[in-house]
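Asker:
In the numbering used here, the protein residues as written are 45 to 304.
Now the structure itself:
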């Protein structure tokens, strides 16, 4: 039976100077095979390597990288894993080759990064390992996918940004939609109806019961090297904000292919 372990927790922290965009990275072990679900961006590169080595693993020990989707904050570290096959939905791979110009989360060079590896294009129901299969959860992006792991805890969902945080359950939608709000809402409902435990894209893991969630991990983040002010104080302001409203990329409202 495959096992699931958090290597890097996801965080949804934003600033008025841009997004930190730390996605969750999960280690999936199936016998002698090691998979990562998402790999994060280069800002977490050294920490990802550290967490692997704490578990006795080198990048060459990773056999596969399953990408929930191809946004920059989830895929940029794929080059660390020379022996890994990438598992990416067929729809996401096609879109990454020709993303919409307004889609800032899928830069034009995305496919060049991904295509350096052998890619298995996945579809609904594909089995990656024993008890590990793909569930299509599009909306946040054209080909977002969830990795379902059947375990003693029930069905574990490694969901990426189809459900980026527990707050998205109440909202019924991811807080960022780059493709289709209708599909995104349908995917959230499907995740909630299917999964017992969820590892979200930008939050810590939680359990779902009767439509409500309970966190099963604690979380902590330390901010270093904060700017100072002329009088020697700390030049940073921390604010607790209400849950984010759903933001839909304008071009996602139109039908058709990725770019005109």
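We put the CB at the ideal spot given by N, CA and C, even for glycine.
#1: Per DSSP, what are the beta-bridge partners of residue 244 in this structure?
#2: Quick check on residue 137: does DSSP put it in helix, strand or coil?
#3: Using a 10 Å radius around the Cβ and a threshold of 16 neighbouring Cβ atoms, would you call residue 135 buried or exposed?
#4: Answer yes or no: do residue 92 and residue 111 have a C-beta to C-beta separation smaller than 9 Å?
#5: Using DSSP bridges, identify the partner residues of residue 178.
#6: Tell whether a beta-carbon distance below 9 Å holds between residue 46 and residue 74.
#7: If you compare alpha carbons, which of 227, 119 and 128 is closest to residue 164?
#8: Output the distance between the C-alpha atoms of residue 22 and residue 72, rounded to the nearest integer angstrom.
#9: How about the segment 271 to 286 and the segment 89 to 107: do they share at least three Cβ pairs that are nearer than 8 Å?
#10: What's the C-alpha gap between residue 235 and residue 273?
#11: For residue 74, which beta-bridge partners are listed by DSSP?
#12: Excluding sequence positions up to five away, which residues of its chain have a Cβ less than 6 Å from the Cβ of residue 218?
#13: Since residue 235 is in the alpha helix (DSSP H), which residue starts that stretch and which ends it?
#14: Please say whether residue 115 and residue 149 have beta carbons closer to each other than 9 Å?
Answerer: This is what the structure gives:
#1: 204
#2: helix
#3: buried
#4: no
#5: 191
#6: yes
#7: 128
#8: Any question about residue 22 goes unanswered here, given that the chain covers just 45 to 304.
#9: no
#10: 46 Å
#11: 77
#12: 184, 205, 208, 212 and 228
#13: 225 to 238
#14: yes
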